[in-house]
Amino acid sequence: MTMILVVKSVDQHPSIREALGSVVTPGETVYFLRLPTVRCLGPLIQEISPMVEYDVEYTIDCLPEGYEVSDVVDFAVEVGADRICIGIFERTLTGKARIDDLTQSIVLHDHVSGDLVVGEDTIILENLSYEGEE
3 MTMILVVKSV DQHPSIREAL GSVVTPGETV YFLRLPTVRC LGPLIQEISP MVEYDVEYTI
63 DCLPEGYEVS DVVDFAVEVG ADRICIGIFE RTLTGKARID DLTQSIVLHD HVSGDLVVGE
123 DTIILENLSY EGEE
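In terms of the working numbering, the sequence shown opens at residue 3 and continues consecutively.
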């Protein structure tokens, strides 16, 4: 299995912990896909915990400047991602997750579909299928 973890901020500790602790399966490949505004993930990844504890392999990739949601979907297709995880940064007064433009665009993209799961700190689009797959 393969998971993409979209990193929108170096302050994304809770959502990354949640994804690594409860979503990832041992032996899985995790792609940290950072936005162009996020310069370095080394300290964030070191602070979370050694990756060996999660028994995963990981890579760090970056979206290009001026990226579009189709770039995220193209990356997911390229790596054969089963899941895309995006951190929740804001909640309404009643505690519901506030979905930002990036998350909404990925969830509603014409070429990808899957099951939407809302965790405590992470929104997960899982069991992905892509337009044209059989």
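Just so you know, even glycine gets a beta-carbon here, dropped at the ideal spot from N, CA and C.
A quick note: this is a predicted structure, and the numbers were derived from the prediction, not measured.
Proximity below 7 Å, CB of residue i to CB of residue j
| i | j | result |
| --- | --- | --- |
| A78 | I6 | yes |
| T31 | E67 | no |
| D76 | Y33 | no |
| D84 | S17 | no |
| Y56 | V26 | yes |
| V71 | S115 | no |
| L65 | L37 | yes |
| H111 | E133 | no |
| G97 | T4 | no |
Among the options, the one whose alpha carbon lies nearest that of residue i
| i | options | result |
| --- | --- | --- |
| G121 | M3, G23, H111, V12 | G23 |
| D102 | E128, D84, D112, F91 | F91 |
| L127 | P28, P38, L104, I88 | I88 |
| I86 | D73, E80, R93, I125 | I125 |
| V119 | H15, E20, K10 | E20 |
| T61 | T105, V74, I47, D73 | I47 |
Per DSSP, the bridge partner or partners of residue i
| i | result |
| --- | --- |
| E80 | Looking at the DSSP assignment, E80 forms no beta bridge with any residue, so it has no partner. |
| I126 | C87, V119 |
| I6 | Y33, I86 |
| V114 | Y132 |
Whole-number beta carbon distance between residue j and residue i, since they are thought to touch under 8 Å
| i | j | result |
| --- | --- | --- |
| V8 | L35 | 5 Å |
*At which residue ranges does the segment 10-67 contain complete beta strand (DSSP E) runs of 3 or more residues, listed in the order of the chain?*
31-36, 59-64
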